[in-house]
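In the numbering used here, the protein residues as written are 37 to 406.
Think of the CB as a built atom: it goes at the ideal place given N, C-alpha and C, for glycine as much as any other residue.
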């Protein structure tokens, strides 16, 4: 029967992620790290800021880095600009001249060829004695003055190869879904990190051992999720890629075009998981489970929702009382923010996979953020 098939698909669609979340929460979220974290560990760090038309934000971002209490002699900034047309390089150069106690290197690309290409360009200008490379977006900020210290403290453990952050949105998005989405999302990233590694990193702060970046050949230029894919490749080499609970970043949310922004980010994540599934590797057992579930959740599970809705709609058209009740219940639940957030996220993922058929969005139109 149509309604039975639709109900079954809906049960799988909601049941698998719920079961995964409950498993992570119960088995890993409150477990100790089992890592040698050293707050006194201060390797030489280079912070890379890729920019394209960030004139409104670049000085604020450099101020943000400048506020860090990390030893000045061990901290350097590389701003790599991808042919901005709004004066971003000039503002960065002017800021650097006013702050001579922080070394800032400006690298200008002649054309915009994507974020990963810019990052690989920046790697060519990083001193050979640098040990840690931290990526950060110009439209994100570090609320703690010791953010860099907190991140690199985990890299004192030789089993850790990459560290990212938890995120707080500086905006709600339509229907308040961004805040609700991040609350759940952060718990999953943290629990996966304690289990072994999380396959999703954040451009607001992504710290890597420089030696491992060189070992894997830098950042992949054929997909958008360069931060996540790079971290996952490091994890596949046996080093952990983690997001700890004490490293936070604030992410600006677009004033306009929020839906397009979310779809583009979903495109990049689905590209990442599609490529990881094709990678031949030996994977630690716990990481293998995480990758399998996350790939399913990003690539397969979203399609069950429209399939279930279509079957139930057909059944309702044939006057099936149970189908009508289920569809009415689904509509009523949209008033509940966690449910509304989940549905919205699934729609973004399906739209993203459709868009990936004709564009990967490696470069995109800039959006004004809050």
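Rounded to whole angstroms, what is the Cα-Cα separation between residue i and residue j?
i           : j           : result
residue 63  : residue 54  : 14 Å
residue 455 : residue 143 : As displayed, the chain neither begins before 37 nor continues past 406, which places residue 455 out of reach and without an answer.
residue 56  : residue 135 : 48 Å
residue 362 : residue 348 : 8 Å
residue 156 : residue 169 : 12 Å
residue 452 : residue 293 : For the chain, the structure presents residues 37 to 406; residue 452 sits outside this window and is missing.
residue 65  : residue 281 : 10 Å
residue 379 : residue 355 : 25 Å
residue 223 : residue 256 : 27 Å
residue 96  : residue 365 : 47 Å
residue 46  : residue 202 : 30 Å
residue 301 : residue 381 : 11 Å
residue 320 : residue 338 : 27 Å
residue 373 : residue 252 : 41 Å
residue 198 : residue 290 : 28 Å
residue 175 : residue 87  : 9 Å
residue 61  : residue 328 : 18 Å
residue 331 : residue 350 : 30 Å
residue 37  : residue 353 : 13 Å
residue 128 : residue 185 : 24 Å
List the endpoints of the continuous alpha helix (DSSP H) containing residue i.
i           : result
residue 126 : 124–134
residue 330 : 321–335
residue 277 : Unbroken run through residue 277 is the beta strand (DSSP E), 276–278; no alpha helix (DSSP H).
residue 306 : 294–313
residue 41  : 38–63
residue 268 : 262–272
residue 412 : Residue 412 cannot be examined here, being either before or after the span of the chain that is shown, 37 to 406.
Would you say residue i and residue j are within 8 Å of each other, going by their C-beta atoms?
i           : j           : result
residue 74  : residue 243 : no
residue 154 : residue 77  : no
residue 39  : residue 367 : no
residue 396 : residue 254 : no
residue 195 : residue 276 : yes
residue 187 : residue 306 : no
residue 288 : residue 206 : yes
residue 299 : residue 384 : yes
residue 167 : residue 273 : no
residue 241 : residue 200 : yes
residue 115 : residue 138 : no
residue 158 : residue 122 : no
residue 239 : residue 171 : yes
residue 237 : residue 263 : yes
residue 310 : residue 333 : no
residue 177 : residue 117 : no
residue 402 : residue 89  : yes
residue 51  : residue 399 : no
residue 218 : residue 204 : yes
Identify, in the order they occur along the chain, each residue of the same chain with its Cβ nearer than 7 Å to the Cβ of residue i, setting aside the five sequence neighbours on each side.
i           : result
residue 179 : 284 and 286
residue 48  : 340
residue 119 : 145, 146, 147 and 148
residue 108 : 137 and 138
residue 279 : 200, 201, 202, 225, 226, 229 and 234
residue 72  : 192 and 193
Any C-beta of chain C sitting closer than 8 Å to the C-beta of residue i?
i           : result
residue 241 : Absent from the structure is chain C; it holds one protein chain and no more.
Under 7 Å: does the beta carbon of residue i sit that close to some heavy atom of the ligand NAD?
i          : result
residue 88 : As presented, the structure is devoid of all ligands, the ligand NAD included, so that no description of it is given.
Ignore the nearest five residues each way along the sequence and tell me which others in residue i's own chain have a CB closer than 6 Å to its CB.
i           : result
residue 42  : 344, 347 and 348
residue 162 : 82
residue 303 : 388, 391, 392 and 397
residue 132 : 140
residue 370 : 376
Within the continuous beta strand (DSSP E) that includes residue i, where are the two ends?
i           : result
residue 145 : 139–145
residue 112 : 111–118
residue 286 : 284–287
residue 160 : Per DSSP, residue 160 belongs to no beta strand (DSSP E) and is neither H nor E.
residue 198 : 196–200
residue 171 : 168–171
residue 87  : 81–87
residue 73  : Taken as a continuous stretch (DSSP letters only), residue 73 belongs to no beta strand (DSSP E), as it is neither H nor E.
residue 245 : 242–245
Enumerate in chain order the residues of its own chain whose CB-to-CB distance from residue i is below 8 Å, with the five nearest sequence positions on each side excluded.
i           : result
residue 124 : 87, 88, 89, 90, 91, 94 and 117
Legend entry - Contact the region 267–285 vs the region 230–241: 3+ CB pairs below 8 Å: yes
Legend entry - Any 3 or more C-beta pairs closer than 8 Å across the region 81–94 and the region 103–119: yes
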